[in-house]
Each structure stands twice: as C-alpha cells, then as structure tokens.
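Q:
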Amino acid sequence: MYKSAKIIRKEFLDYFSTELEHKIIPSSSVIPWCDSSVAFINAGMNQFKGIFLEKEQAPFPRVANCQKCIRVGGKHNDLKDVGLDTYHHTFFEMLGNWSFGSYGKEEACKYAWRALTELYGINKSNLSVTYFAGDQELQMAPDLETRDIWRNIGVPDDKIRACGAKDNLWEMNLTGPCGPCTEIHFGSTGSGNNLTELWNIVFIDHQRLSDGAVVPLGRQFVDTGMGLERLVALLQNKSSNYDTDLFQPLFQAIHKSSGAPEYSGTFGDHNEASLDTCYRILADHARMVTVALADGIIPDKNQKLRRVLRRATTLAIDAFRNEDLLTELTNHVAESLGDVYPEIGDNLKKIQVITNYEKELLISQRKSTGEAWQTLLKINPRLATISDPYSPGIIKAYTLLMKLKSRTGNFVALSGKEAFKIYDSHGLDLEALKELAEVEGIEVDEEGFFEEMEMVRIKSRVGKKTNRRVVAKKTLEQLKVLPQTDDSFKYQYNFEDKYTFNPLECSIIGVVIDGELETKSIKLNENQLNNSEIALILDQTPFYASEGGQLSDLGTIKLKNGIFKVAVVEKSEGYVLHYGTFDSAVEVEINNEKVTAMIDSERRINLMMHHTATHLLNAGLRKIFPAVAQRISVVTPLDLIFRFSTFGKKFSPQHCQELDSLVNKSINQNIDVKTEEISSLELMNQKNLTLIPGEVYPDTGLRVVDIDSELKSREACCGTHVHNTGVLKNFCITEVHPKSSSEYLIKAVAGPKAKDAKTKTNLNYLVDVKGKDDKKEIVVDFMKSEVERAVEKSDCFIVHCMKSNDIEPESVPLQLAYNYCDHLPMFLIVMSKKKIRARCFVPKEFQSTYFNAKLWMESINKVLPVELGTFGDEDPLSTSHIKIVRTSKDKIESLVEEAAAEAEKFAAVYFKKLKIKKNN
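Position 716 (the sequence shown) corresponds to 890 in my numbering; numbering is contiguous.
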C-alpha cells in the first residue's frame, strides 16, 4: 500500500510517542546558535549536545523527533554530490529517538527492528546490521554486546558484520560527542555491495577532543537517526529519493513555470541527464534555502547559504530561463513542509523578499563582471573550475592574489591576515577565495583567517566610541589559575522612586600589569601607574563588562589605602578585568583585604534606558519590514546606534516616523520588562526569539529579555535593562544614515535627553544624503520607496505627500513615479521647508470627461493658485503638474494638507459615481 512522506513521518513519531512513551520534541532551528563548531544543524542530536556533555539536564528521559538538517561543509559535506546521485541532499529530515539514561543498547536495537519490520512491513530477509569492530589506536574494544543483541533478536550471523572506526564510530564533527554505532542496512546481500544504510544507532559514551584523543563520557546515551528521504524512497518502492513525493511536486512546478522538458530521472553525461541533474540540484537547493531563511539565517552572514542560493538562482536563469523560479519554488516547499515546520509558512513573505533581493544582486553582478571574467578565462583557462564566477569581489580578489604571487617566485601560502584582508576589502567569501588560490597552487591559512576575523569582530563590535581592550591570549592562559569572576551582581538594583545600586564588598584575586598576571601582593609606584596598563580582577563584581553592544560601567574600587578609578571593563572566558588607574602609589594586597566596588549610577541608568530602547527599536523595525537584519548595535550613556539591513524595501521618512511612534507608544503603555534564563536546548526550540545572525551564544545561563506589548520584543541579551518601558519617558530618532542601498544606521536617544531632542529634530525626513556618493540614486530610491509604500495602502487611487527637508522638490523625478505604479490614478505632492511641487497621473482606463489628470490637478488650484502644465510630449489627460510653489515655513504644512484633501475629495467623488453607475 502506498504511503505518502507525511504519513511515514507521522507513523514514526506516533510509534515512539504512543507505544514507547517518548516525548516528541519539535525540530530545532537549523542554526547552531550555541555551537561554533558547525555551520548548520547537521544531525538530530545537535540540540541535545549539552546533555551529552553533561552541561544541562535532559527535559525528558526519552524523546523522539523529526529534525531539519543541512550539510554543506565540514566533516559532513554533501554539496558536491547533490544531483549527481540518488540520495545526497543539502537539506534532509532526520527521524530519531534518544535515551538520556532511560534505556540502553538492547531496547534501542529492538525498537528500531520492530519499527522497520512491523510498523513499515520491511522483509527481515532484506535487512542486515553492523557493529563496531573496535580500534586499537583509540584503545576502544569491539562492541560484542551489540553483536549478541542482534543475534538474540533473530538476525542471522551472515547478516551481521563488524566494521571499523571509519564506518562504525559515529562523530558529530571534528570535535564533540561520539561513540560506537550499529547500522541497519537494506539490501539483498550482506556483502556490503548494493546496501543502503537505513538507521544508525549510536551509543554516545565518548568525546573527541581538539587534539584528536577520544575519551569516555561520564554516562551513556542512545542517539539514533534515520533519513526520512531514504526511508520514503524504500517504502514507495523508488530507486531514487528524487522519485518520491518529497521532490516530484517541485519537479512539476519547475516544468510548469519554465516550460523545460519534464524531469525523466536519468543520470549520466548525456544532455537529457544534464537537464535532470539541474532539476535535482534546483529542487534540493530550493528546500535548503527555504528552510534556512525561515529559521533566520541571512545570506551575507552565512556564505554557505549564499553559495547555495546563488547556485540555485544561476540554474533558474541559465538552465530554466526563469529568474524568478527559485522564489516560485519556495511556495511549493511551504506546501510540502509547512504543516510539520510551521515557521516556513509563517516566514514565507520574508523568505521571498530575501530570495528576490539576492537574485537582483546576482543579476547585477553578472552584468558588471561577466565581460571581465571572460577576459580572465582567456588568460587562465583553469579558472573555468571556479563554481561561482560571479561571487562579489572575485575579479579584484584575483587581481590582488596575482599581485601577491608576483612579489615572490615561491608564493605558496596565503596567510590568515592576507586572506581576511581580501575578504574584508572585496567581500569575497572564504570558499571562493580557496578555489581561486587552488587554481594558482596557493594554500590558504583557514585557521588564521578565522582568528583574524574574530579579532576584528571583537574590535569593531561596539564601534569607535569606546576605549575597549582586547584581552591577549597569553593573558587568558595565565588567568586560568584563578576562579572565574562572579558578575551576577551586575543585574541587581533597588527601585522605589529611582534606581539605586548597592556597593559590593569583594576581594582582589589578581592584578594584570601590561598583560602579565600578578597573584601576590604588589606595590605600584608612580612610574608604573603612569606608564603601565593595569587591570584588577575581583572574586565578584557589580560592574557590567562591555558585552552585547553595551558599553561597560565606570566607577571606583576602594582599597584601604587608595582608590582605583575604573575606565573600562572587559570580560573574556568568564574573567572580568577592570582596567583603570590608581589616584596615587598604592600597595595592592591580593586575597588579603576586602575592597568596595561601586558603579557610576547615572551612567548605568542611561545605559539601561538605551538598551531597552534598542530592543523596542529592533522590534519596531521587524513590525514594519517583512525582512530585516541587525548588523550592529551600540548602547552608550548618551544614545544608541543601530545598524541594520532591509531587503527589497528602502527605509523612508515615513518609516522613520512610524518607528518613532511605535516605540513611544510602547513606552507610554508602561509594559513590564521581564528576564529569564534558558538553556541551549530551550534556545534551539524558541520560535519567536530575536537573535543576531552570525552570533554564537553561551550554552548555559542564556538571558532572554521579554517586552510583551503590541510591539513584541523577545531577545537573547546579556545587557542591563529598565524594569518597565515607562521609565524611558521619551524616545527620539535623531539621525538616519544610509550606508548602502539596503543598509542604514539609526541614532536615537531615550529618557530626558529624548524630550529635548524632539524639539530640535524634524522627523519628516532624517535620512542623510551625504552617506552616498550618488545623490541622484538616493533621490530615486526615496521616491520609489514612497510610491511603493503608498500603493500598499491604496485601493482605487493614490494621494500621497512626500516630505523632505534635505532634498529639493525640483530634484525629485516625479515623471518616473509612473514606472512604480502604472495601474492606479496617482497624485503626488513633494514638500521641503519652503517649497511645494505636485504631479498627477491617470491611466487611460480611468479617464473620462469628469476625471482626468488636468481636472484632478485643477482641483487644488484654489489652494495653490499657480500655473498648470505638461511637458511637450505628454497627454494632459494622462499627466499634469504644477510649477514650484514657494511659501513661508509656517504656512507650508497647512497648505499641503489642504491641497491633499482637495485632491482626495475630487477623486473620491468620481469613484463614488463610478461605483453607483456599476451597481445600476
């Protein structure tokens, strides 16, 4: 009997939950938020890694789920094989069950055998199993217990094989939990040929360390996984995963949308198979891209995703002649997977905004670099092996690489610093750079690249407004002899009419002088104080270190014979270093005296207010835009800085006003700001939690800040916050700077400073045109975003006013507005401080003796009695305008409002008559 993939998936989960009392855990996000060792969640066990390492408690003794997985790099890299065989995929679903001390090897083997033979009805004679043969080098014995379990279940000896560490020692990644495993294979022979691995049952009782050693864990866990795609192919009697109902609807959609010949399921080098390979790659990549974007991965923060996305878009353009095909396929992926992974449907609009945005980037890149790339190919034909010749920055990066090579005849290695410079200067991702380097016989220092990236990230995280320090590796090694600092006191305060912070009594346990740790009492003379960098390490502290974009506290540490003025506080690997200066020569007694630490209260309160305001601003942007990504945030006592990207939509003056209004509304509602701590497992299953793309979060003690108002904000955050939004009193955006065509920087203030700022700031238009080289482009972008925004809110006709204090009305090309809305009558007014300009358009199908562009423009003549006009080649029934009107600053707002009202009234009367006529 035929079973669909949905039924097969459901039967697996029902079997373990109903019959075997497992708790069904939802699939986690494919983003490994707390694990920097993998780019994506690549196995069902990832979300339980903290449990296996005994860092957190298991929520239930036995669980099962169906986990979204992506494999495109690292130890498990399926990208290069996708489309060329029947079973490799970038995205796949992993069915699995786990025991956290509830049962062991025997039950795990029995549960799996029963599921395959009884639940799914697979003939036992077609199944065979393996067990771990042991490994002398790793000092691991053969797993004879598992062999005997299979014998007792009834598996004949000729269907039981011993395999070495290569096949039967399961590892999640290059480091981390691992253990011997036993596999269940499907096939007609036990020889190993023509066998398909169905189910892998891992007994996690070891851990692979960074030096390659494998050491025992304290407890044993059971971790099993079975690829849904392979199981479905088997049960649907298909020889290829691509022939199942998981992929066939996507192939049909590709055929229908592109007009290409139908998918025929062939493999090989001939033309028909080549097109089928394109079908398979595009369908696979569409699934991966849709799932990854739904979970919040941003392409320019994850180059592996961008590479897959661009490969899919390139296939859509070159093989199927439809540049919008990938976006179209996301609808079908949502239909296929949306019921089991609802986040796909919930985020479909965002997914499509980003795929369209990335498509436009790729098309632009192809146009700008295509000719130059062909020239390079003639010079060096080996460049034809590059998988993505349109990667941003590839031409400049290759030119720079050749310059470096020409400096020496024996240039065979690119340092991490040089590699990062190419990435940082030209935007070329590491994978593309490695391909270029390989063509020229050059090795790239990947480890050095990531070290340099991390160093730059630390230095730039809070911008130039701080005197932050980077704690040297050598210093961190020395600090390991000390206990980590207890800084939980940074969240403590008292509040009645105002915030107060108690002094904290603590001990100095170390002094770092110019990067060297002192753990014994030391006398510091005037020369050392003037010429050395000094940091105190306390056993506990109330000081907030620079983290999460928030600047550190300042304050004092009072010793019995001196005062240490804290200038900046840093935290690294659990150690808090208080950098600053003593007021005079002093003897520092290590561990022998109590000192008093006191933060600067006013500074802290301002930091708290601006951090809470940052969360509200972020939530406001997410409410306004379907797709937005935080780039960087800086929280200072004076203001907040928030840099973000939009995709497909420009940030307009009206967005600025709307954002300001949303934040102030939440402030006026006096909403409680709540915090809680969650584990990495809980984090992985949070569906509405705002996280920063590319950030790696701690796997224990993760704080979540929740503001549950109409403007919902729920963010992972280690910062300090006010207890209620009402404490902020006011919020005001003071500056907006475009950094690129899709990236903006906002500055804003909260609290008493915001009230003063409101009297000085005109929110009509804050976008600073000085941030771009091409002012004309900015003006066009401004107009386009205004028109698109107006279209969204209109049904029959548009009357819209564009306000700008920085752009002259005569510089706005209103004649181009028709390009962005040619299906509705549109009346546009542009105003600055003292000038007004207007233009209207009426499509032919709306024109009559009662309603046309000339009559519509005349309707405002009594408010603005100036000459009407049309350009020489224009039809006055289709388009009309008025010349620039100059007026005083105090009258312009009222004049524009009256003119807009008259235009609105004129059009409304016509459409009302039209409706009555149609009804009759």
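Note that beta-carbon positions come from the ideal geometry of N, C-alpha and C, so glycine has one too.
Predicted model only: the values in this text are computed from it and were never measured.
(1) To the nearest angstrom, how far is it from the Cα of Glu962 to the Cα of Lys1065?
(2) Tell me whether Gln548 is buried or exposed, calling it buried when 16 or more other Cβ atoms sit within 10 Å of its Cβ.
(3) Between the C-alpha atoms of Asn271 and Phe306, what's the straight-line distance to the nearest angstrom?
(4) Relative to the alpha-carbon of Leu728, which residue among Lys739, Gln843 and Leu489 has its alpha-carbon at the smallest distance?
(5) Return the first residue and the last residue of the beta strand (DSSP E) that Leu372 is part of.
(6) Short of 7 Å in beta carbon distance, which residues of its chain neighbour Lys298, apart from the five on each side in sequence? Order them along the chain.
(7) Taking DSSP as the reference, what is the three-state secondary structure of Ala646?
(8) In terms of alpha-carbon separation, which member of His789, Ile428 and Leu1002 lies closest to Thr501?
(9) So what's Asp309 in DSSP terms, helix, strand or just coil?
(10) When the Cα atoms are used, what is the spatial distance from Ala803 to Ile866?
(11) How should Leu990 be labelled, buried or exposed, when 16 other C-beta atoms within 10 angstroms of its C-beta is the threshold for buried?
(12) Could you pull the start and end residues of the beta strand (DSSP E) that Val740 belongs to?
(13) Taking the alpha carbon of Ile981 as the point to measure from, which residue in Phe1001, Ile1010, Ile972 and Ser968 has its own alpha carbon closest?
(14) In three-state terms, what does DSSP make of Lys944?
(15) Ignoring anything shorter than 4 residues or poking outside the segment 699–737, list the alpha helix (DSSP H) runs there in chain order.
(16) Enumerate, from N- to C-terminal direction, the unbroken alpha helix (DSSP H) stretches of 4 or more residues contained entirely within the segment 644–688.
(17) Residue range of the beta strand (DSSP E) that Leu919 falls in?
(18) Do you know how far the Cα of Met858 is from the Cα of Ala466?
(19) Helix or strand or just coil, what does DSSP make of Arg245?
(20) By Cβ distance, which residues of its chain are closer than 7 Å to Phe623, with the 5 residues on each side in sequence left out?
(21) What beta strand (DSSP E) runs, 3 residues minimum, are completely inside the segment 178–229?
(22) Mapping the DSSP letters down to three states, classify Arg581 as helix, strand or coil.
(23) Is it true that the CB of Val507 sits closer than 9 Å to the CB of Leu1095?
(24) With a CB to CB cut of under 8 Å and the five nearest residues on each side skipped, what residues in its chain are close to Val630?
(25) Kindly list the residues whose CB is nearer than 7 Å to the CB of Glu776, restricted to its own chain and excluding five residues on each side of it in sequence; keep chain order.
(26) Which same chain residues end up closer than 7 Å to Thr788 when comparing Cβ atoms and leaving out the 5 residues on each side of it in sequence?
(27) My guess is that Ile764 and Ile683 are in contact by the Cβ rule of under 8 Å, so how many angstroms apart are they, rounded?
(28) For the alpha helix (DSSP H) that Gln422 lies in, which residues bound it at each end?
(29) Leu409 and Lys177 look like a contact to me (Cβ under 8 Å); what is the Cβ gap, rounded to whole Å?
(30) Leaving out five residues on either side along the sequence, give the residues of the same chain with a beta carbon under 7 Å from the beta carbon of Ser561.
(31) Expressed to the nearest angstrom, what Euclidean distance is found between the alpha-carbon atoms of Ile244 and Thr264?
(32) Quick check: the Cα distance between Ser916 and Lys823, rounded to an integer number of angstroms?
(33) By a C-beta neighbour count over all protein chains shown, 10 Å radius and 16 as the cutoff for buried, is Asp469 buried or exposed?
(34) Could you tell me the distance, in whole angstroms, from the CA atom of Leu160 to the CA atom of Tyr416?
(35) Buried or exposed, going by whether 16 or more other CB atoms sit within 10 Å of the CB of Gly350?
(36) Please confirm whether Ile731 and Gly754 have their CB atoms less than 9 Å apart.
A: Working from what's here:
(1) As a first step, residue 962 is located in the sequence shown; it is residue number 788 there, counting from the start. As a first step, residue 1065 is located in the sequence shown; it is residue number 891 there, counting from the start. A straight-line Cα-Cα distance of about 28 Å links Glu962 and Lys1065.
(2) Stepping through the sequence shown from its first residue, residue 548 is reached at position 374. Looking at its Cβ environment, which holds fewer than 16 other Cβ atoms inside 10 Å, Gln548 is exposed.
(3) Here residue 271 refers to the residue found at position 97 when the sequence shown is read from its first residue. Here residue 306 refers to the residue found at position 132 when the sequence shown is read from its first residue. Spanning the two alpha carbons is a distance of roughly 20 Å.
(4) Residue 728 sits at position 554 when you count from the first residue of the sequence shown. With respect to the C-alpha of Leu728, the residue from Lys739, Gln843 and Leu489 having the closest C-alpha is Lys739.
(5) In the sequence shown, residue 372 corresponds to position 198, counting from 1. Boundaries of the beta strand (DSSP E) around Leu372: Thr370 to Arg382.
(6) Reading the sequence shown from its first residue, position 124 is the one you call residue 298. Taken in chain order, the residues that qualify are Thr291.
(7) The residue given as residue 646 occupies position 472 in the sequence shown. Correct three-state label for Ala646: coil.
(8) As a working mapping, residue 501 is identified with position 327 in the sequence shown. Of the candidates His789, Ile428 and Leu1002, the one whose C-alpha sits nearest the C-alpha of Thr501 is Ile428.
(9) Against the sequence shown, residue 309 aligns to sequence position 135. If DSSP states are grouped into helix, strand and coil, Asp309 belongs with the strands.
(10) Counting from 1 along the sequence shown, the entry for residue 803 is found at position 629. Counting from 1 along the sequence shown, the entry for residue 866 is found at position 692. Those two C-alpha atoms are separated by around 8 Å.
(11) As a first step, residue 990 is located in the sequence shown; it is residue number 816 there, counting from the start. Flag for Leu990 reads exposed.
(12) The residue given as residue 740 occupies position 566 in the sequence shown. Where Val740 is concerned, the enclosing beta strand (DSSP E) stretches over Gly736 to Ser746.
(13) Position 807 of the sequence shown, counting from 1, holds the residue named residue 981. For the residues Phe1001, Ile1010, Ile972 and Ser968, the minimum Cα distance to Ile981 belongs to Ile1010.
(14) To locate residue 944, count along the sequence shown from 1; it is residue 770. Any answer about Lys944 is weak, because its pLDDT of 40 lies below 50 and its placement is not dependable; what the coordinates show is given next. Secondary structure at Lys944: helix, using DSSP grouped into helix, strand and coil.
(15) Within the segment 699–737, complete alpha helix (DSSP H) segments of at least 4 residues are found at 700–705, given in chain order.
(16) List check, alpha helix (DSSP H) in window: 647–653.
(17) Position 745 of the sequence shown holds residue 919. If you look at Leu919, you'll find it in the beta strand (DSSP E) that goes Glu917 to Ala924.
(18) To locate residue 466, count along the sequence shown from 1; it is residue 292. To locate residue 858, count along the sequence shown from 1; it is residue 684. Roughly 14 Å between the two C-alpha positions.
(19) As a working note, residue 245 is residue 71 in the sequence shown. Arg245 falls in the coil class under three-state DSSP.
(20) The count along the sequence shown starts at 1 and reaches residue 623 at position 449. Gly590, Ala593, Phe594 and Leu604.
(21) Fully enclosed beta strand (DSSP E) runs of 3 or longer: not present.
(22) Numbered from 1 along the sequence shown, position 407 holds the residue referred to as residue 581. Judged by DSSP in its simplified three-state form, Arg581 adopts coil rather than helix or strand.
(23) Nothing about residue 1095 can be reported from this structure: the residues present for the chain run from 175 to 1094 only.
(24) Residue numbering aside, residue 630 sits at position 456 when the sequence shown is read from its first letter. So the qualifying residues of the chain are Phe594 and Asp598.
(25) Mapped onto the sequence shown, residue 776 falls at position 602. Sequence-distant partners of Glu776 (beyond 5 residues in either direction) whose C-beta falls short of 7 Å from its own C-beta are missing from its chain.
(26) Taking the sequence shown and counting its residues from 1, one reaches residue 788 at position 614. The answer, listed in chain order, is Ser807, Val809, Leu814 and Phe816.
(27) Counting from 1 along the sequence shown, the entry for residue 764 is found at position 590. Counting from 1 along the sequence shown, the entry for residue 683 is found at position 509. About 6 Å separates the two Cβ atoms, so the contact holds.
(28) Position 248 of the sequence shown, counted from the first residue, corresponds to residue 422. Element bounds for Gln422: Gln422 to Ser432.
(29) For this step, residue 409 is matched to residue 235 along the sequence shown. For this step, residue 177 is matched to residue 3 along the sequence shown. With a Cβ gap of about 6 Å, Leu409 and Lys177 count as contacting.
(30) Within the sequence shown, numbered from 1, the residue matching residue 561 stands at position 387. Only Glu609 meet the Cβ criterion.
(31) The residue given as residue 244 occupies position 70 in the sequence shown. The residue given as residue 264 occupies position 90 in the sequence shown. Rounded to whole angstroms, Ile244 and Thr264 show a C-alpha spacing of 5 Å.
(32) By one-based count along the sequence shown, residue 916 stands at place 742. By one-based count along the sequence shown, residue 823 stands at place 649. CA-to-CA, the gap between Ser916 and Lys823 works out to about 8 Å.
(33) Residue 469 sits at position 295 when you count from the first residue of the sequence shown. That one is buried.
(34) Nothing about residue 160 can be reported from this structure: the residues present for the chain run from 175 to 1094 only.
(35) Residue 350 sits at position 176 when you count from the first residue of the sequence shown. It is buried - the Cβ of Gly350 has at least 16 other Cβ atoms within 10 Å.
(36) Along the sequence shown, one-based indexing puts residue 731 at 557. Along the sequence shown, one-based indexing puts residue 754 at 580. Between Ile731 and Gly754, the gap from beta carbon to beta carbon is short of 9 Å.
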